[in-house]
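Numbering (the UniProt record's numbering), first residue to last: 1 to 413.
Here's the structure we're looking at; comments come further down.
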Amino acid sequence: MGVQMLFYPLEYTGTKWYRTSEQTPYGFLGWQGVVPSRTEKMALRLVDIITRDLLSLKEAFGNIDHKEFANLLQTEVLNAVQKDCGVLWALVLKPVLPLILSKVIGELQKEIDDVLDLPQVVLNAFVRDKIVLVELFQKVGRVELKFLVESGFGFGFLLGLMQMGLWAIKPKPWTLPVAGSLVGYVTNWIAIKLLFEPADPVELGPITVQGLFESRQKEVSEEFAHFMETRVLSSPMLLDALANQNEQELYVFLRKQLPYPIPEKILRAAIQAIRNVATNANDHPEIHDYVQKKLDIEDTLSKRLKKLSPKNFENLLHPVFQEDEIILIVVGGVLGAMAGLLQTKVTFAGSNARTKAMFLLASSLVSSASFFFLSEYSDFQNKDAIKEVGYDPVIDRPQPKLRRHITIVRAEV
Numbered sequence: 001m002g003v004q005m006l007f008y009p010l011e012y013t014g015t016k017w018y019r020t021s022e023q024t025p026y027g028f029l030g031w032q033g034v035v036p037s038r039t040e041k042m043a044l045r046l047v048d049i050i051t052r053d054l055l056s057l058k059e060a061f062g063n064i065d066h067k068e069f070a071n072l073l074q075t076e077v078l079n080a081v082q083k084d085c086g087v088l089w090a091l092v093l094k095p096v097l098p099l100i101l102s103k104v105i106g107e108l109q110k111e112i113d114d115v116l117d118l119p120q121v122v123l124n125a126f127v128r129d130k131i132v133l134v135e136l137f138q139k140v141g142r143v144e145l146k147f148l149v150e151s152g153f154g155f156g157f158l159l160g161l162m163q164m165g166l167w168a169i170k171p172k173p174w175t176l177p178v179a180g181s182l183v184g185y186v187t188n189w190i191a192i193k194l195l196f197e198p199a200d201p202v203e204l205g206p207i208t209v210q211g212l213f214e215s216r217q218k219e220v221s222e223e224f225a226h227f228m229e230t231r232v233l234s235s236p237m238l239l240d241a242l243a244n245q246n247e248q249e250l251y252v253f254l255r256k257q258l259p260y261p262i263p264e265k266i267l268r269a270a271i272q273a274i275r276n277v278a279t280n281a282n283d284h285p286e287i288h289d290y291v292q293k294k295l296d297i298e299d300t301l302s303k304r305l306k307k308l309s310p311k312n313f314e315n316l317l318h319p320v321f322q323e324d325e326i327i328l329i330v331v332g333g334v335l336g337a338m339a340g341l342l343q344t345k346v347t348f349a350g351s352n353a354r355t356k357a358m359f360l361l362a363s364s365l366v367s368s369a370s371f372f373f374l375s376e377y378s379d380f381q382n383k384d385a386i387k388e389v390g391y392d393p394v395i396d397r398p399q400p401k402l403r404r405h406i407t408i409v410r411a412e413v
């Protein structure tokens, strides 16, 4: 439940009593997922990492051949000029348009940082639709989130042994609620610590100990880069930002490159052409395929993410837990106390307390084992389904033989 509360509901649900701000996920009898409630703040952290350490628009756009791109845009620009300015202007511009477009695109490559605001593009993509940020964290952190859930059964069971022992020795009304609260609290605290600590690998004889997330740096880097290129910084989204979010900046740039007597309506038609290409992406696959290939955002992000220090790398996911880490931990404690209270009132009241405690111990063991095998079977079924439909996963490479996805211990030879 604690993991689900990180992401859902997307909008605040419940009463707004004692909710201090829109960025506060909780109120009295109300809740909003931690990530959706802090979308802008978390997105700003990602923006800072991406724009400071990983990606340069000037570098990416510098890969585009301005002559080739001009040829790809020529038809759409002529159509927009003819529609907005008339056939005569289209006929006048047609012979010189390739040269003009090539020159303008070449200058745009040099001044792209002044025309297109990359931090704002990334921020808008996340803030405009909260599910995008939620899906990003769920995708790159799926192993860590699964570990949080499954570790609750493992650590909870081990700590539950002590809880049952305490109940068998001292079957008081407060025993299970207090012990359950401690079990839930400590379980979540341990699990979160194991996700990110230690950040740097620590050699302990033949094994290497490292936080689970940092140990998956190569895999996460590739998945994060793929998500960013396809969902946030795709060719249609960048061209849309250029023609819509930064329309005024683009117009000022075009006016500087094409001064009077060229009328304003020609410049507006050129901007409209870019807008049409962005909006009707399916009608212009050759343009977007070319831009996507030349920008090479996925490969650039992936390579540079892999080169980050483990401490800097963890900032991709750690903010999800840092924002309200104490809430996630306390939720475990509260749920543990409620479970203990229910056990005391419903199941373990009255005589034969020790016998019933042993029965709960056996039941817990069976349920934990059942959950584990059900989870593994579900993963196995999903892999078979992927093979049947012929879907190529984002990451498709052999895994190291002695590396476990859900443990912080990696044995290397």
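Yeah, the Cβ is synthetic: ideal placement off N, Cα and C, and Gly gets one too.
The ligand FMN heavy atom lying under 7 Å from the CB of residue i
i: G340; result: In the structure on display, the ligand FMN does not appear, and there are no ligands present to speak of.
Straight-line Cα distance separating residue j from residue i
i: G33; j: R216; result: 25 Å
i: residue 419; j: F126; result: Lying outside 1 to 413, the shown extent of the chain, residue 419 is not represented and no answer is given.
i: S37; j: L29; result: 16 Å
i: K16; j: E223; result: 37 Å
i: A168; j: A337; result: 18 Å
i: I266; j: N79; result: 12 Å
i: L123; j: F61; result: 20 Å
i: E247; j: V121; result: 13 Å
i: I49; j: S56; result: 12 Å
i: V104; j: K256; result: 10 Å
i: T20; j: P285; result: 47 Å
i: M5; j: A179; result: 23 Å
i: E314; j: T187; result: 21 Å
i: V330; j: V143; result: 22 Å
i: L254; j: L97; result: 14 Å
i: Y391; j: L166; result: For Y391, the predicted model reports a pLDDT of 35, less than 50, meaning its position is unreliable and no value from the coordinates is stated.
i: P198; j: L161; result: 28 Å
i: E40; j: W31; result: 18 Å
i: V132; j: F7; result: 11 Å
i: P9; j: Y260; result: 54 Å
i: V183; j: M164; result: 11 Å
i: D53; j: F153; result: 38 Å
i: E11; j: P95; result: 54 Å
i: K130; j: N312; result: 24 Å
i: I274; j: L308; result: 35 Å
Where residue i falls, given that 16 or more other Cβ within 10 Å makes a residue buried
i: Q272; result: buried
i: L305; result: buried
i: I326; result: exposed
i: E388; result: Residue confidence for E388 is low, a pLDDT of 43 falling below 50, so the modelled location carries little weight; the figure read from the coordinates is stated next. E388 should be labelled exposed.
i: L13; result: Correcting the residue type first, residue 13 is Thr in the shown sequence and not Leu. T13 is exposed by the Cβ-count criterion.
i: L99; result: exposed
i: L176; result: buried
i: F170; result: Note that residue 170 corresponds to Lys in the displayed sequence, not to Phe. Exposed, since its Cβ has fewer than 16 Cβ neighbours within 10 Å.
i: L328; result: buried
i: L335; result: buried
Residue closest to residue i, alpha-carbon to alpha-carbon, out of the options
i: P263; options: L93, V132, L10, V47; result: L93
i: L148; options: D296, A191, Y290; result: A191
i: L295; options: Q74, A199, M228; result: M228
i: W189; options: Q248, G332, E11; result: G332
i: L91; options: I105, T75, K103; result: T75
i: E107; options: V252, H318, K193; result: V252
i: Y18; options: G27, L10, P173, E11; result: G27
i: L58; options: L176, K172, K110; result: Here residue 58 turns out to be Lys, not Leu, going by the sequence shown. The shortest C-alpha separation from K58 is found at K110.
i: A43; options: F137, L97, W89; result: F137
i: L342; options: P173, E135, W89; result: P173
i: F196; options: R231, G184, V209; result: V209
i: A270; options: T175, N282, W89; result: W89
i: residue 414; options: L316, Q23, S102, K130; result: An answer regarding residue 414 cannot be provided, because it is not within the stretch 1 to 413 covered by the chain.
i: G141; options: E219, P9, P261; result: E219
i: D283; options: E11, F153, L73; result: L73
i: T300; options: T51, Q23, E22; result: T51
i: L316; options: D129, V134, V77; result: V134
Residues near residue i in its chain [Cβ-Cβ closer than 6 Å; skip 5 each side]
i: R151; result: Residue identity check: residue 151 is Ser in the sequence provided, not Arg. Answer for S151: A191, listed in chain order.
i: R45; result: P319
i: V47; result: P119, V122, L123
Neighbourhood of residue i by C-beta, 7 Å cutoff - its chain only, sequence neighbours within 5 removed
i: S302; result: S221, E222, A225
i: residue 414; result: With the chain covering only 1 through 413, there is no way to say anything about residue 414.
i: K139; result: E223, F227
i: A339; result: G180
i: L250; result: V115, L242, A243, I271
Nonlocal neighbours in the same chain, by C-beta distance under 8 Å from residue i, ignoring five residues either side
i: P310; result: A199, D200, P201, Q210, G211, E214, Q217
i: L258; result: I100, V104, I266, L267
i: L194; result: F147, S151, G211, L212, I408
Residue i at chain B interface by Cβ criterion, 8 Å
i: D296; result: As a matter of chain content, chain B is missing from the structure shown, which is built from one protein chain.
(request) Tell me, please, whether the stretch 196–205 touches the stretch 74–93 by the rule of three or more beta-carbon pairs shorter than 8 Å. (result) no
(request) Could you say if the stretch 278–298 and the stretch 67–75 meet the contact criterion of at least three C-beta pairs nearer than 8 Å? (result) yes
(request) For the stretch 238–248 and the stretch 116–123, state whether three or more C-beta atom pairs, one from each stretch, are separated by less than 8 Å. (result) yes
(request) Check whether the stretch 228–240 touches the stretch 272–284, taking contact to mean three or more Cβ pairs, one atom from each stretch, closer than 8 Å. (result) yes
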